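Note sheet for the following structure.
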Amino acid sequence: MTQSSIESNDYPFNLVANKLTLNESDKNIFNAYGNKFHYIKGQLLFAAGDKSDHIYFIEKGLLNIYRLTNKGHQVTVAFRNAGEVVGLAEALYGGERICFAEAMEDLTVIAVSYKDFKKILANNPILAISVAEVLGSRLREAHSVIHEMAYCQVPARIASVLIKLGEKSNLSSKDGLQINLKLTHEEIARMVGTSRQTVTSVLNTFKKEQSVIFKGRDIYKIYPEKLASWIS
Numbered sequence: 012m013t014q015s016s017i018e019s020n021d022y023p024f025n026l027v028a029n030k031l032t033l034n035e036s037d038k039n040i041f042n043a044y045g046n047k048f049h050y051i052k053g054q055l056l057f058a059a060g061d062k063s064d065h066i067y068f069i070e071k072g073l074l075n076i077y078r079l080t081n082k083g084h085q086v087t088v089a090f091r092n093a094g095e096v097v098g099l100a101e102a103l104y105g106g107e108r109i110c111f112a113e114a115m116e117d118l119t120v121i122a123v124s125y126k127d128f129k130k131i132l133a134n135n136p137i138l139a140i141s142v143a144e145v146l147g148s149r150l151r152e153a154h155s156v157i158h159e160m161a162y163c164q165v166p167a168r169i170a171s172v173l174i175k176l177g178e179k180s181n182l183s184s185k186d187g188l189q190i191n192l193k194l195t196h197e198e199i200a201r202m203v204g205t206s207r208q209t210v211t212s213v214l215n216t217f218k219k220e221q222s223v224i225f226k227g228r229d230i231y232k233i234y235p236e237k238l239a240s241w242i243s
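Position 164 (the sequence shown) corresponds to 175 in this note's numbering; numbering is contiguous.
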């Protein structure tokens with residue numbers, strides 16, 4: 012299992028999520044213990060309040076991990092894509108899920124029970140250390156989201172989400188990051204807890220300053236350094 016990240020001082024508030032991935036040996040172990048499931052865009056892998064008795068390895072697709080505010084607004088905590096493991100924290104301490112995990116595109120996961128995952132960790136100390144390191148990184152990530160919601164205006168929150176999506180796309184180029192995902196303004200609004208009209212207004216501003224490039228009505232490419240200026 013390997014961990015990679017962009018250093019926290021590259022973008023304000025450690026915007027780009029630390030990534031937990033499996034090497035080929037780990038994938039084989041997950042396949043041996045787990046069961047494969049398929050979800051279509053919009054389906055929930057799990058919801059807040061669910062029993063947390065499984066760990067999930069994403070074989071294909073992208074997940075939006077989000078929470079609901081007291082007013083019922085959706086706020087994105089993180090994105091997880093192919094090769095990453097999700098559902099670690101609650102499963103390891105035995106609590107209920109506190110987040111929702113929604114497929115942003117067709118999704119394939121391998122589900123491993125908590126009981127079997129404990130066996131895997133017991134037999135793989137290096138893997139266990141990697142899991143502990145990533146849990147610490149994700150805790151820091153969660154704190155950054157809380158900071159954004161408490162102190163950042165909507166343009167900063169939208170910029171943050173776009174940077175995260177750009178990083179997850181794995182389609183970097185020397186002059187920006189491509190976003191290989193069709194998102195409506197309503198979907199972006201739900202991610203940052205605001206209205207569709209506000210998202211449209213902010214995206215028009217980003218478009219004018221060319222921090223975001225559109226193809227037709229879809230976001231095609233972003234420039235992280237320009238977007239980060241809205242957050243700092």
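Every residue gets a Cβ at the ideal spot worked out from N, C-alpha and C, and that includes glycine. As the structure is a computational prediction, the values presented were derived from the model and not from experiment.
A direct Cα-to-Cα measurement between S124 and D64 gives close to 6 Å. Around the beta carbon of E220, fewer than 16 other beta carbons lie within 10 angstroms, which makes this residue exposed. Annotated as proximal: E113 and L55, with beta-carbon spacing under 8 Å.
Under the three-state reduction of DSSP, H84 is assigned to coil, being neither helix nor strand. The three-state reading of DSSP puts Q221 in coil, since its state is none of H, G, I, E or B. Three or more beta-carbon pairs drawn from the segment 80-98 and the segment 199-215 are found closer than 8 Å, and the two stretches are therefore classed as touching. Annotation: the segment 148-180 contains the following complete segments of the alpha helix (DSSP H) (minimum length 4 residues), in chain order: 165-180. When DSSP states are grouped into helix, strand and coil, S141 belongs to the helix group.
With fewer than 16 neighbouring CB atoms inside 10 Å of its own CB, K218 falls in the exposed class. Annotated as distal: E70 and A89, with beta-carbon spacing of 8 Å or more. As computed with DSSP, L99 is found in no beta bridge at all. According to DSSP, E107 shares a beta bridge with K62.
Between the alpha carbons of K62 and L99 lies a distance of about 13 Å. Proximity to K130 across G45, N34, S240, Y50 peaks at G45, based on C-alpha coordinates.
Rounded to whole angstroms, the Cβ separation of L192 and L173 is 11 Å, and the two are not in contact under 8 Å.
Residues T119 of the same chain have their beta carbon placed closer than 6 Å to that of H49, with the five preceding and five following residues left out of the count.
Straight through space, the alpha carbons of V213 and A139 are spaced by roughly 42 Å. Counting the other Cβ atoms within 10 Å of the Cβ of S243 gives fewer than 16, which makes it exposed. The beta carbon of R207 lies closer than 6 Å to those of H196, E197, A200 in the same chain, with the five residues before and after it left out. Your pair E159 and S148 does not check out as a contact, with CB atoms roughly 17 Å apart and the cut at 8 Å. As DSSP reads the structure, F90 sits in a beta bridge with N75. With contacts defined as CB atoms closer than 8 Å, E35 and G72 fail to qualify as a contacting pair. Cβ contact annotation for N42 (same chain, cutoff 8 Å, sequence separation greater than five): I121, in chain order. One Cα belongs to S240, the other to A133, and the distance between them is close to 45 Å.
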